[in-house]
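Chains as they are written, first to last, in our numbering: chain A, 1 to 627; chain B, 1001 to 1166. First up is the structure itself, then whatever we jot down about it.
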């Protein structure tokens, strides 16, 4: 008897916890899961759009699409990048809800009074609500912070409430535009890192939309998913409406040609954002059209000015597109203007003239600004053969040599007033950028001093990791690998190749593959440590620039890494999907074509986002079609 | 025959007529009692520092839940030091509450994982690894000590060390 009881107790001890955990997991998963939509096919989407388009143009076409909808079908009318109308149709089928929306659209004055050509050019977006689930409600039982910070799948899910018997909804793209998806900053140590929805603001937006008098409590809110599609641009009609996922259509297929076109499109974006004074419009918020002032704004980065100009010079070297040359010279002229202030120039005891880049409001010179300026100037000379800027580049390079220590490392900050380098501060990127600058200077001058210094810099960077824990991780080494390839063949140490291939393997662990996170397949190819937070788009460019160099370095050594090649292809495919092009510019205010938003849920474009991604694109375009 | 002098007896033990009553027997010295007491105090201090400095929580319910762990571990240690019938009961109750609290913490991790899988369609390798490391750390830093200690307290040797017989 006792033996039996012991056996039962043993079985219970080993199985009961698992049963408890599994049952809990199954219950919670089922309660919060919204199945992905069973999407409308081309014919159904075309039929829905025909009805809505007819209503917009003052005629009538019945809709008989007999597909399920969860009460609401939302219609957004986009004109010149702005939402001029948002109408909800209700019904038990897609056809019925479309008819209801069409009827409301036909009587909606802000649309019907638009000039005919504007109405024709406007693009209709349709969101068919296909499923819903509670918004939160488990905060008390889950690990604190999880349910609050990660309450909805951003850009894919919307939030709604039933107010006075009617369903009122905020669409996934509306939540993105309202900037309520990343409203909390969980760590003081990472001030730029924001996540978590702003429930109070969402409640307030829904209250306004429903014209309700009392505030909407968080408990009344629900999440929903949609099957979203948008009308084609006028030039691409007729044709079935374009399916969207997280606001983006399916990316174009990857090839050398598409990458080249995308890179040139990025170049056009930057040229359109270069002011007459040679400074870039640093940021452009696509959802509002708001742009930084290139004359008065203090929000500017000289390393990014130099880096962006470097990309334009690189684009010119590879494509020889003449429209690039004048803007490049204009941006360089701005650098020359800054030099003319003479704030940074001096003469070393041995008589060598040095100079560095110092912006108008800066007192301390950053090594990276000067290094990237040299990279850009050398790239211009490589592209054009024009040595106009060589004297400036030489002074800058002398500064870089002066800032290098005997062991190959660099000092990163310099006080021009007291002519004193800072031996303590260590900043990201600068050592790699300086090594690259020196390697590029060797290419245009064949001066051995530059090759030796670049090699010393690289050796220091690669051997910095020679300690036990250093074998487990890599820092931000993308400039190191770009420099390692640029320094070939004078710096031909196979350790550089091994280091860069290892860096590639380290990065691949952060790169999801299609199917790994089924709801987040649009993130495949990007770099992110978790699928719960949308990836930033820039690393898909900057890290790919490094991987292209790593791959080429492998080729130079006769051992190209096919995994690095696949990594580049995946990242470029992701980036192509994120770039603004005619198919997805319906909600872009201002000249946004070719722009690269900050992330799938951040519509802000900064010049360096475009620079890094498009630099990777144009470099990859040169060999990506090779077997 | 002294209790526990043989692991197993061939003769059936006479059944008591009613439920056993805890009776106090002479305490037998057992070093494990003091080793456990030392470990309890050490773990309670480490847990308290972790909750106070490393993973402080602003939510009262979560904070109360977390603080049950060092408090119960400390109570477990105090029970070991006190000894006797009261010390034994304090140890068993505190150890059991610490274990129950740990199971609840693991349930919270499971709920969070299931919630994220529901909302995002998958949990992902990094998140799964983080969750598993969290559970492993919980078991190592919180559950292991009460498990072996409660087991010890329920054995004959443990009872004897506290002068208890049933």
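Heads up, the beta-carbon is just placed ideally off N, CA and C, and yes, glycines get one too. It should be emphasised that the depicted structure is a prediction, and the values quoted were computed from it without experimental measurement.
Asked: Rounded to whole angstroms, how far is the Cβ of residue 279(A) from the Cβ of residue 294(A), which I believe are closer than 8 angstroms?; Found: 4 angstroms
Asked: When the Cα atoms are used, what is the spatial distance from residue 1078(B) to residue 1153(B)?; Found: 14 angstroms
Asked: Chain A partners of residue 1090(B), CB-CB under 8 angstroms?; Found: Those within 8 angstroms of residue 1090(B) in chain A number zero; the least Cβ separation is about 24 angstroms.
Asked: Are the region 166-184 of chain A and the region 1139-1147 of chain B touching by the rule of at least three beta carbon pairs closer than 8 angstroms?; Found: no
Asked: Grab the span of the beta strand (DSSP E) containing residue 134(A) for me, first residue to last.; Found: 123-134
Asked: Go through the region 371-430 of chain A residue by residue and report every complete run of the alpha helix (DSSP H) that reaches 4 residues or more, in order.; Found: 390-403
Asked: Relative to the C-alpha of residue 532(A), which candidate in 446(A), 625(A), 156(A) and 508(A) has its C-alpha closest?; Found: 156(A)
Asked: Since residue 468(A) is in the beta strand (DSSP E), which residue starts that stretch and which ends it?; Found: Segment: none, residue 468(A) is in no beta strand (DSSP E) and carries neither H nor E.
Asked: Using the rule of at least 16 other Cβ atoms within 10 Å of the residue's Cβ for burial, across every protein chain shown, is residue 582(A) buried or exposed?; Found: exposed
Asked: Can you tell me which of the three DSSP states residue 225(A) falls into?; Found: strand
Asked: Among 556(A), 51(A) and 565(A), which one has its Cα closest to the Cα of residue 627(A)?; Found: 565(A)
Asked: Any beta carbon from chain B within less than 8 angstroms of residue 142(A)'s own beta carbon?; Found: yes
Asked: Is the CB of residue 8(A) under 8 angstroms away from at least one CB in chain B?; Found: no
Asked: I'd like to know if residue 1152(B) contacts chain A, where contact means its C-beta is closer than 8 angstroms to some C-beta of that chain.; Found: no
Asked: Which residues of chain B have a Cβ atom closer than 7 angstroms to the Cβ of residue 531(A), listed in chain order?; Found: 1120, 1122 and 1124
Asked: If I'm right that residue 230(A) touches residue 123(A) with Cβ under 8 angstroms, what's the distance once you round it to whole angstroms?; Found: 6 angstroms
Asked: What first and last residue would you give for the beta strand (DSSP E) that runs through residue 243(A)?; Found: 242-244
Asked: If you drop the 5 nearest sequence neighbours on each side, which residues of the same chain put their C-beta closer than 6 angstroms to that of residue 619(A)?; Found: 548
Asked: Considering residue 643(A), what are the terminal residues of the beta strand (DSSP E) in which it resides?; Found: With chain A represented from 1 up to 627, any question about residue 643(A) goes unanswered, as that position is not in the structure.
Asked: Could you compute how far the alpha carbon of residue 1091(B) sits from the alpha carbon of residue 1045(B)?; Found: 17 angstroms
Asked: List, in chain order, every chain B residue whose beta-carbon is nearer than 8 angstroms to that of residue 153(A).; Found: 1119, 1120 and 1121
Asked: Specify the secondary structure class of residue 292(A) as computed by DSSP and reduced to three states.; Found: coil
Asked: Note down the Cα distance separating residue 310(A) from residue 120(A), rounded to an integer number of angstroms.; Found: 41 angstroms
Asked: Put residue 156(A) into one of helix, strand or coil per three-state DSSP.; Found: coil
Asked: Tell me, please, whether the CB atom of residue 292(A) is closer than 8 angstroms to any CB atom in chain B?; Found: no
Asked: Quick one: which unbroken beta strand (DSSP E) runs of 3-plus residues sit fully inside the region 585-617 of chain A? Chain order, please.; Found: 604-606
Asked: Rounded to whole angstroms, what's the CA-CA distance from residue 23(A) to residue 131(A)? Just pull it up for me.; Found: 24 angstroms
Asked: Taking residue 27(A) as the reference, give the member of 1111(B), 1053(B), 1069(B) and 1156(B) with the closest Cα.; Found: 1111(B)
Asked: I believe residue 227(A) touches residue 52(A) by the beta-carbon criterion, under 8 angstroms. Please report the beta-carbon distance rounded to the nearest angstrom.; Found: Wrong, their Cβ atoms sit about 15 angstroms apart, outside the cutoff.
Asked: Any heavy atom of the ligand GDP closer than 7 angstroms to the CB of residue 105(A)?; Found: No copy of the ligand GDP appears in this structure; indeed no ligand is present at all.
Asked: Mind checking which residues open and close the beta strand (DSSP E) that includes residue 89(A)?; Found: 82-90
Asked: Quick check on the DSSP output: the beta strand (DSSP E) that includes residue 284(A) runs from which residue to which?; Found: 283-285
Asked: Beta-carbon of residue 1007(B) versus every beta-carbon of chain A: anything under 8 angstroms?; Found: Low confidence applies here, because residue 1007(B) scores a pLDDT of 42, under 50, leaving its location unreliable; read the following figure in that light. Taking Cβ atoms only, chain A never reaches closer than 8 angstroms to residue 1007(B), which makes this a no.
Asked: Between the region 1091-1104 of chain B and the region 1067-1075 of chain B, do at least 3 Cβ pairs fall closer than 8 angstroms?; Found: yes
Asked: Measure the CB-CB distance between residue 356(A) and residue 421(A) and report whether it falls below 8 angstroms.; Found: no
Asked: Let me check understanding here. Comparing Cα to Cα, which of 211(A), 223(A), 202(A) and 617(A) lies closest to residue 217(A)?; Found: 202(A)
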